[in-house]
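Trainee: Numbering (our numbering), first residue to last: 508 to 942.
Cβ coordinates follow ideal geometry from the N, Cα and C atoms, glycine included.
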Amino acid sequence: MIDPNKKIVVRMAPSPTGNLHVGTARTTLFNYLFAKKYGGKFILRIEDTDKERSTKEFEKNILDGLSWLGLTCDEFFRQSERTEVYKNYVQKMLDNGTAYISKEEPQEEGQRSEVVRFKNPNKKIKFDDLIRGEVEFDTTELKDFVIAKSPEEPLYHLAVVVDDHEMGVTHVIRGEDHISNTPRQILIQEAIGANRPIYAHLPLILDADRKKLSKRKHGEAVWVEYYKNQGYLSDALLNFYALLGWNPGTEKEIFSLSELVEAFDIDKVQKGGAIFDEKKLRWINREHLKMLPKEELSSVVTQKILEKFPDVSVPEKIVDLILERIDILSDIDILIADGEIDYVFMEPDLNLEKIIWKNSTKEKTLEHLKHVVKMVGNKDGIMKYAEEVGKGDVLWPLRYALSGREKSPDPFTLMSLLGQDKTEKRIEKAIKLLE
Ligand code: GLU
Numbered sequence: 508m509i510d511p512n513k514k515i516v517v518r519m520a521p522s523p524t525g526n527l528h529v530g531t532a533r534t535t536l537f538n539y540l541f542a543k544k545y546g547g548k549f550i551l552r553i554e555d556t557d558k559e560r561s562t563k564e565f566e567k568n569i570l571d572g573l574s575w576l577g578l579t580c581d582e583f584f585r586q587s588e589r590t591e592v593y594k595n596y597v598q599k600m601l602d603n604g605t606a607y608i609s610k611e612e613p614q615e616e617g618q619r620s621e622v623v624r625f626k627n628p629n630k631k632i633k634f635d636d637l638i639r640g641e642v643e644f645d646t647t648e649l650k651d652f653v654i655a656k657s658p659e660e661p662l663y664h665l666a667v668v669v670d671d672h673e674m675g676v677t678h679v680i681r682g683e684d685h686i687s688n689t690p691r692q693i694l695i696q697e698a699i700g701a702n703r704p705i706y707a708h709l710p711l712i713l714d715a716d717r718k719k720l721s722k723r724k725h726g727e728a729v730w731v732e733y734y735k736n737q738g739y740l741s742d743a744l745l746n747f748y749a750l751l752g753w754n755p756g757t758e759k760e761i762f763s764l765s766e767l768v769e770a771f772d773i774d775k776v777q778k779g780g781a782i783f784d785e786k787k788l789r790w791i792n793r794e795h796l797k798m799l800p801k802e803e804l805s806s807v808v809t810q811k812i813l814e815k816f817p818d819v820s821v822p823e824k825i826v827d828l829i830l831e832r833i834d835i836l837s838d839i840d841i842l843i844a845d846g847e848i849d850y851v852f853m854e855p856d857l858n859l860e861k862i863i864w865k866n867s868t869k870e871k872t873l874e875h876l877k878h879v880v881k882m883v884g885n886k887d888g889i890m891k892y893a894e895e896v897g898k899g900d901v902l903w904p905l906r907y908a909l910s911g912r913e914k915s916p917d918p919f920t921l922m923s924l925l926g927q928d929k930t931e932k933r934i935e936k937a938i939k940l941l942e
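1) Below 7 Å, is the gap between the Cβ of Ser587 and the nearest heavy atom of the ligand GLU?
2) Considering only the alpha carbon of each residue, which of Ser820, Tyr706 and Leu830 lies closest to Val808?
3) So Val707 is in the beta strand (DSSP E); what residue range does that whole segment cover?
4) Tell me the DSSP bridge mates of His678?
5) I need the boundaries of the beta strand (DSSP E) containing Val622, first residue and last residue.
6) Which residue's Cα is closest to the Cα of Ile638: Ala701, Gly779 and Val879?
7) Please specify which runs of the alpha helix (DSSP H), each continuous and at least 4 residues long, are wholly inside the stretch 556 to 635, giving them in chain order.
8) Using only CA atoms, which one of Asp510, Leu925, Thr920 and Trp753 lies nearest to Ile705?
9) If I'm right that Glu566 touches Pro523 with Cβ under 8 Å, what's the distance once you round it to whole angstroms?
10) Tell me the rounded alpha-carbon separation between Cys580 and Ile761.
11) Please state if the CB of His664 and the CB of Gln692 are separated by a distance shorter than 8 Å.
12) DSSP three-state label for Trp864, please.
13) For Ser657, which beta-bridge partners are listed by DSSP?
14) What are the partner residues of Phe644, as DSSP defines its beta bridges?
15) Which first and last residues belong to the beta strand (DSSP E) in which Arg552 is found?
16) Could you tell me whether any non-hydrogen atom of the ligand GLU is closer than 7 Å to the CB of Val642?
17) Here's the rule I'm using: 16 or more other beta-carbon atoms within 10 Å means buried, otherwise exposed. How should Tyr607 be labelled?
18) Looking at His725: is its Cβ nearer than 8 Å to the Cβ of His708?
19) Work out the CA separation of Lys886 and Met853 for me, nearest whole Å.
20) Just to confirm the assignment, what range does the alpha helix (DSSP H) spanning Lys698 have?
21) Rounded to a whole number of angstroms, what is the C-alpha to C-alpha distance between Ser587 and Thr535?
22) Do you know offhand how far Arg789's Cα is from Glu758's?
23) From Asn568, Lys626 and Glu803, pick the residue whose C-alpha is nearest to that of Thr960; which is it?
24) Any idea what DSSP makes of Leu799, helix, strand or coil?
25) Among Gly846, Ile843, Leu941 and Ala781, which residue has its Cα nearest to the Cα of Lys871?
26) Look at the alpha carbon of Lys932 and the alpha carbon of Asp917, and state the distance between them as a whole number of angstroms.
27) From the DSSP output, in three-state form, read off Ala715 for me.
28) Is Arg639 close to the ligand GLU? I mean its beta-carbon at under 7 Å from any heavy atom of the ligand.
29) Please confirm whether any heavy atom of the ligand GLU lies closer than 7 Å to the CB of Ala520.
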């Protein structure tokens, strides 16, 4: 299906009318993978013909986001810099009768009295979509649609077709929401004598309730920067995006970008909506975290601990415990802010009721702790005793005395974190409270 003798040219054509959206990032990735896989060219084209809605801030957000993800392009264009090109095509269409100036009755103040309309030949358009198969449309219902507000101000359909033609685009890979634009664009191609690219319309991205991802419903969670700010790794996001609508047909789920290029196959892209599963994203991020050099991660964790507890010496063990528990880097902040490691650096406040295990009693608990405080450092001894008198009765108060938390690592881990002195001191403190 892919002709090895023909150079592949693809393009991603975001409109800077919003921040970099997850869907845009996914579509960019698929274009990128397709181009790299076949040694083709990947063009990035900012479609800013809509002057009212396009802004430089959005453009910057999109470009920064894509470069953070590592999706670099081979060529870059901005439609607002190509007005002359479109003007020539509008003129050509006016000359060959495929477009005409239409007098309009202005509906509101400031509206134009003239626009350029396409002369619709009213016919059936059929195209083969790489993902959706054969698609057929009757263009009659599109009427003579407007292609430019004036010869200097082309609208979206015209600009896209002219650019794809001039830039030699061979494959148009874009979101399924554009499928209904395709017949209009094919009509314009035919009018200007352009070749028809091969189309591939990617499935929509849906939330867990199978509803389209939208800013209105999902807020900032539709933006790439939302994930970047939480400390997701760019490689993990790419890995996750790749699986939004594509799978390699094997068990493998964790990929680097170069592995994705290797494995990607547009024939394996599904038609049905792709579900955005945040749990899966977290898991993928965790797998990618594990691939980072240990020292790099340790230094991030240590840094964050020192922000809360300046001047302490950070035991390696607590760094490891934190690393075991996180999926994304911001989990570290949450964990620290929630006080989950405070006990390592500060003596915990103890609550009498919480020291005593379930149906145990104050007297028994006191007796156990008095016994255990003499055996600090002797795990086997403590375990043997606990098994004799009741594990929970001994290990719960011990763990609580050391951490002051109902959830924390087991008491032996805590002991090794705190060392003998602090361990003994904390058990003594609990004993005093019970006496
Ligand atoms: N500029 C269009 C958009 O942002 C995409 C055009 C296309 O891919 O053909 O939705």
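Mentor: Concretely, from the data shown:
1) The count along the sequence shown starts at 1 and reaches residue 587 at position 80. Incorrect: Ser587 has no Cβ contact closer than 7 Å to the ligand GLU.
2) Here residue 808 is taken as the residue at index 301 of the sequence shown, counted from 1. Of the candidates Ser820, Tyr706 and Leu830, the residue whose Cα lies closest to the Cα of Val808 is Leu830.
3) What you label residue 707 is simply residue 200 of the sequence shown in a count that begins at 1. Position check: residue 707 holds Ala in this sequence, whereas Val was assumed. Here the beta strand (DSSP E) through Ala707 covers Ile705 to Leu709.
4) Counting from one through the sequence shown, the residue named residue 678 turns up at place 171. Paired residue(s): Val517 and Ile705.
5) Start at 1 with the first residue of the sequence shown, and residue 622 comes out as number 115. Residues Glu621 to Phe625.
6) Locating residue 638 in the sequence shown gives position 131, where the first residue counts as 1. Nearest of Ala701, Gly779 and Val879 to Ile638, Cα basis: Gly779.
7) Fully enclosed alpha helix (DSSP H) runs of 4 or longer: 563 to 576 and 590 to 603.
8) Taking the first residue of the sequence shown as position 1, residue 705 is located at position 198. Distance from the Cα of Ile705 is smallest, within the candidate group Asp510, Leu925, Thr920 and Trp753, for Asp510.
9) Here the question's residue 566 lines up with position 59 in the sequence shown. Here the question's residue 523 lines up with position 16 in the sequence shown. With 8 Å as the limit, Glu566 and Pro523 qualify as a contact, their Cβ atoms being about 4 Å apart.
10) Working through the sequence shown from its first residue, we reach residue 580 at position 73. Working through the sequence shown from its first residue, we reach residue 761 at position 254. When rounded, the distance between both Cα atoms is 24 Å.
11) For the purposes of this step, residue 692 is identified with residue 185 of the sequence shown, where counting begins at 1. For the purposes of this step, residue 664 is identified with residue 157 of the sequence shown, where counting begins at 1. The answer is yes: Cβ separation under 8 Å.
12) In the sequence shown, counting from the first residue as 1, residue 864 sits at position 357. Trp864 falls in the coil class under three-state DSSP.
13) Along the sequence shown, read from residue 1 onward, the residue named residue 657 stands at position 150. DSSP lists Glu660 as the beta-bridge partner residues of Ser657.
14) As a first step, residue 644 must be located in the sequence shown, where it is residue number 137. Looking at the DSSP assignment, Phe644 forms a beta bridge with Ile632.
15) As a working mapping, residue 552 is identified with position 45 in the sequence shown. It spans Lys548 to Ile553 - the beta strand (DSSP E) in which Arg552 sits, taken as one unbroken run.
16) For this step, residue 642 is matched to residue 135 along the sequence shown. No; taking the cut-off as 7 Å, the Cβ of Val642 has no heavy atom of the ligand GLU nearer than that.
17) Position 100 of the sequence shown holds residue 607. Exposed is the call here.
18) Translated into the one-based positions of the sequence shown, residue 725 becomes position 218. Translated into the one-based positions of the sequence shown, residue 708 becomes position 201. The Cβ atoms of His725 and His708 do not sit closer than 8 Å to each other.
19) Counting from 1 along the sequence shown, the entry for residue 853 is found at position 346. Counting from 1 along the sequence shown, the entry for residue 886 is found at position 379. Cα to Cα, Met853 sits roughly 24 Å from Lys886.
20) Start at 1 with the first residue of the sequence shown, and residue 698 comes out as number 191. Sequence check: residue 698 is Ala here, not Lys. Taken as a continuous stretch (DSSP letters only), the alpha helix (DSSP H) holding Ala698 covers Thr689 to Ile699.
21) Residue numbering aside, residue 587 sits at position 80 when the sequence shown is read from its first letter. Residue numbering aside, residue 535 sits at position 28 when the sequence shown is read from its first letter. So the alpha carbons of these two residues sit roughly 21 Å apart.
22) Indexing the sequence shown from 1 puts residue 789 at position 282. Indexing the sequence shown from 1 puts residue 758 at position 251. Going by the C-alpha atoms only, they are around 18 Å apart.
23) Residue 960 is absent from the model: the chain starts at 508 and stops at 942.
24) Translated into positions along the sequence shown, residue 799 becomes position 292. Coil.
25) Working through the sequence shown from its first residue, we reach residue 871 at position 364. Per the Cα distances, Leu941.
26) Your numbering for residue 932 matches position 425 in the sequence shown. Your numbering for residue 917 matches position 410 in the sequence shown. Roughly 18 Å between the two C-alpha positions.
27) Within the sequence shown, residue 715 is the residue found at index 208, counting from 1. DSSP places Ala715 in the coil class of the three-state scheme, outside both helix and strand.
28) Counted from its first residue, the sequence shown places residue 639 at position 132. Within the chosen limit of 7 Å, the ligand GLU does not reach the beta carbon of Arg639 with any heavy atom.
29) As a position in the sequence shown, residue 520 is number 13, starting the count at 1. Answer for Ala520: yes, Cβ within range of the ligand GLU.
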